[in-house]
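Convert by adding 1 to the 1-based position in the sequence shown; the result is the number in our numbering. First up is the structure itself, then whatever we jot down about it.
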Amino acid sequence: MEKHEQHKKSRVVKVDSVKTWDFFKTQAINQGSPVVIHFTAAWCIPSVTMKPLFEELALSYQDVLFLSVDVDEVKEVASKMEIKAMPTFVLMKEGSQVDKLVGANPEEIKKRISGFIHSIRSSN
Numbered sequence: 002m003e004k005h006e007q008h009k010k011s012r013v014v015k016v017d018s019v020k021t022w023d024f025f026k027t028q029a030i031n032q033g034s035p036v037v038i039h040f041t042a043a044w045c046i047p048s049v050t051m052k053p054l055f056e057e058l059a060l061s062y063q064d065v066l067f068l069s070v071d072v073d074e075v076k077e078v079a080s081k082m083e084i085k086a087m088p089t090f091v092l093m094k095e096g097s098q099v100d101k102l103v104g105a106n107p108e109e110i111k112k113r114i115s116g117f118i119h120s121i122r123s124s125n
């Protein structure tokens, strides 16, 4: 019997240029949408291992914009956001950084994102 695996469309948007970054950042501000960004690198094993969790979180929080930025592909954005190590997760509200977590710590990332989303929902 064949196994059919349904591929869910990713909700994580890959930022591939400064133009894309500016577009999604502006869109999030205009829509009042919180943003969670995963700064990653293809050569960084901890970053790569965090990708499935990030995808899972994006599916859990449908009202949040999840972005993925490869620091080698979009150096200007990584530099602007002062990213020094991968993985780095940045939480943004109204265009401003409200939290930053460096390192591959799944439980802490879940906790921070959950708290971030809860605080936004309760303030609306």
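Glycine included, each C-beta is placed from N, C-alpha and C at the ideal position. Keep in mind that this is a model prediction, so the values were computed, not measured.
Using a threshold of 7 angstroms, state whether the C-beta atoms of residue 41 and residue 71 are closer than that.
yes
Own chain, CB closer than 6 angstroms to residue 101, minus 5 neighbours either side, in chain order:
91
On the DSSP bridge assignment, give the partners of residue 97 in chain order.
94
Does the structure place the stretch 81-91 close enough to the stretch 24-32 that three or more beta carbon pairs sit under 8 angstroms?
no
Below 8 angstroms on the Cβ atoms is my guess for residue 54 versus residue 110; work out the distance and round it to an integer in Å.
7 angstroms
Do residue 77 and residue 19 have their C-beta atoms closer together than 7 angstroms?
Cβ atoms of residue 77 and residue 19: closer than 7 angstroms.
Is the distance from the Cβ of residue 37 to the Cβ of residue 65 below 7 angstroms?
yes
Residue 95 versus residue 44: straight-line alpha-carbon distance, rounded
31 angstroms
Taking the beta carbon of residue 80 as the centre, do at least 16 other beta carbons fall within 10 Å, making it buried, or is it exposed?
That one is exposed.
Taking DSSP's pairing of strands, which residues face residue 67 in a bridge?
According to DSSP, residue 67 bridges with 13, 37.
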